[in-house]
Amino acid sequence: MMRKVIVTGGAGFIGSHLVDRLVEKGHDVLVLDNLSSGCMENLAVHTDNSKLQVVEVDIANFQDIKDYFKDVTWVFHLAALADVVPSIQNPLKYHAANVDGTISVLEAARNAGVKRFMYAASSSCYGIADKYPTPETALIRLEYPYALTKYLGEQYVLHWGKVYDLPVVSLRLFNVYGPRVRTSGAYGAVFGVFLAQKINNKPFTVVGDGTQARDFTFVTDIADAFIMAAESDIKNEVLNAGSGDTYIINYLAELLGGDVVHIPKRPGEPDCTYADISKIRKLLGWNPKVSFEEGVKVMLDNIDYWKDAPLWTPETISEVTREWFECLSK
């Protein structure tokens, strides 16, 4: 059945892959994106496709977005500011985008009678988790403003589900990677950093001793999880979306192939992220399909995408993470 759907942040990394899947399924897709971190290049494959419309707009401005929600069946709210360091430097900006923006989209969806609302939450809410693999019931430990704002957004989503009977599902995403992962802006996700270093024949900047483990999850699997959540009848649920496995950073460096230089471990950063995905398997029947080794090969096959990405060195990383150490080393 063809539906009219909205993807906020649809020109971004995860959002554009979700758009790909939705268009493939025949849905009419409306992307709302201010293009602050996303880009039209991510949607270039859909040029002249009548199934896709892109509107450049700030989702935090309710008056500017409310009319776009008329006759929309599903909303996928992925628009957000990411990264730890900028959230420490500018918490007001992060609150405006990730909290106020979420309330604005929720109200637009509620007023328009949207049937289902899917939210991209963050596993950063678990902080340094007290249990591995980490279930949805684990203690919430918010280490920095980015994690706080994404968690507050999730709480608003669940509250709108409870108070206004808007059917909502929140997916807590774990270490998503894949083609189109962001190449510009703040120092952030390890894949973008490493691939730019590989292109420039520079050593990989490995934090600490490189034995920290991450639940790397391929982006197309995450796109499928969002669609399965939309197609289901579950509501007011929080679901972990990860690979259900872990891989150490040293293994990633080995798969990518290159020299390594070690940089200081950062405060508030977990040694492990590891999703317990038994709930999403049970409720949605979702299972990740792309192995880590397959995913890394896809990244290497698309490495030219990172040719213009910022090149991070131990010195530049030390400078941009200075406030991270100052604020969290307590």
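Taking the UniProt record's numbering, the leading residue of the sequence shown gets 1, the next gets one more, and so forth. For each residue, glycine too, the CB sits at the ideal point set by N, CA and C.
If you compare alpha carbons, which of 51, 167, 10, 196 is closest to residue 256?
Out of 51, 167, 10, 196, 196 has the C-alpha closest to the C-alpha of residue 256.
Rank 35, 226, 66, 20 by C-alpha distance to the C-alpha of residue 106 and give the top, closest one.
Per the C-alpha coordinates, the member of 35, 226, 66, 20 positioned closest to residue 106 is 66.
Does the structure place the segment 130-137 close enough to the segment 94-102 that three or more beta carbon pairs sit under 8 Å?
Verdict: no, contact absent.
Reduced DSSP category for residue 16 - H, G, I as helix; E, B as strand; rest coil:
Per DSSP, reduced to three states, the secondary structure at residue 16 is helical.
Straight-line Cα distance separating residue 42 from residue 182
The straight-line gap separating the alpha-carbon atoms of residue 182 and residue 42 is approximately 10 Å.
Can you tell me where the alpha helix (DSSP H) with residue 316 in it begins and where it stops?
It spans 314-320 - the alpha helix (DSSP H) in which residue 316 sits, taken as one unbroken run.
Quickly, what does DSSP pair residue 118 with across the bridge? List them, please.
Under the DSSP definition of a beta bridge, residue 118 partners with 76, 169.
Looking only at its chain, what residues have a beta carbon closer than 8 Å to the beta carbon of residue 99, apart from the 5 residues adjacent to it on each side?
Within the same chain, Cβ atoms closer than 8 Å to the Cβ of residue 99 are found at 149, 152, 153, 156, the five residues on either side in sequence being excluded.
Beta-carbon proximity check, residue 215 vs residue 192, cutoff 8 Å:
No. Outside cutoff.
Assigned secondary structure, residue 415 (DSSP; H/G/I helix, E/B strand, else coil)
Beyond the ends of the chain as shown, which are 1 and 330, falls residue 415; an answer cannot be given.
Which residues does DSSP pair with residue 49 in a beta bridge?
Per DSSP, none; premise fails for residue 49.
Burial state of residue 318, where buried means 16 or more other Cβ atoms lie within 10 Å
Label assigned to residue 318: exposed.
Cross-strand partners of residue 262 (DSSP beta bridge):
Note: residue 262 sits in a beta bridge opposite 206.
If you pair each beta-carbon of the segment 280-292 with each one of the segment 216-231, do three or more pairs fall below 8 Å?
Between the segment 280-292 and the segment 216-231 there are three or more inter-stretch CB-CB distances shorter than 8 Å, so the stretches are counted as touching.
Is residue 247 helix, strand or coil when you go by DSSP?
DSSP places residue 247 in strand when its eight states are reduced to three.
If distances are taken between C-alpha atoms only, which option among 51, 57, 114, 194 comes closest to residue 251?
The option with the nearest alpha carbon to residue 251 is 194.
Considering only the alpha carbon of each residue, which of 131, 327, 147, 130 lies closest to residue 124?
Taking only the C-alpha atoms, the option nearest residue 124 is 147.
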